[in-house]
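Just so we're on the same page, the numbering used here is the position in the sequence shown counted from 1, plus 35. A virtual CB, placed ideally from N, CA and C, is assigned to each residue, including glycine. The structure displayed is predicted, hence computed values, not measured ones.
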Amino acid sequence: MNERDENLLYFIQEECELLLEMAEGCDVQTFLDSKMMQHAVSMALIHIGESVKSLSEDLKKQNSGIEWRFIAGLRDIAAHNYGIVQMERIWDVVTEDAPELLEQVKSILFAGKAK
36 MNERDENLLY FIQEECELLL EMAEGCDVQT FLDSKMMQHA VSMALIHIGE
86 SVKSLSEDLK KQNSGIEWRF IAGLRDIAAH NYGIVQMERI WDVVTEDAPE
136 LLEQVKSILF AGKAK
């Protein structure tokens, strides 16, 4: 793994951890009632998507089990169509997909360190 990919993966890890921290002790209704939280979550998702777009194609091919295109696509929706984003689906991404992505990224980073 090259240094750029490694740095991007660490950044994705940090953003996933931030998403989980924001969601801790929160439920969907609290999220839906808080424009500030929706904005913060959307920004973290944009950051993750931007980082995914910058990862090398080689790394993405080697880790094809991760939904890279979905993550990048979600970034585009959050960045360009914020007004029509279904926040219930964003909550699902935070509570269901972010923990999985976090574990996948940690696995890639750990495998890179083991070499």
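- Message: Under 8 angstroms, with one C-beta from each stretch per pair, do the segment 116 to 136 and the segment 68 to 83 reach the 3-pair mark?
- Response: yes
- Query: Would D40 be called buried (16 or more neighbouring beta carbons within 10 Å of its own) or exposed?
  - Reply: buried
- Starting from the C-beta of R110, find all residues in its chain whose C-beta is less than 8 angstroms away, skip the five residues before and the five after it, and write them out in chain order. L80, I81, I83, G84, E85, V87, K88
- Message: Can you check which of these residues, A58, I125, S91, is closest to L44 by C-alpha distance?
- Response: S91
- As assigned by DSSP and simplified to three states, the class of N42: When secondary structure is reduced to three states using DSSP, N42 falls in the helix class.
- Query: Expressed to the nearest angstrom, what Euclidean distance is found between the alpha-carbon atoms of T65 and E138?
  - Reply: The alpha-carbon separation between T65 and E138 amounts to approximately 26 angstroms.
- Can you give the Cα-Cα distance for E49 and K141, rounded to whole angstroms? Counting only the Cα atoms, K141 lies some 10 angstroms from E49.
- Query: Terminal residues of the continuous alpha helix (DSSP H) containing T65?
  - Reply: 63 to 68
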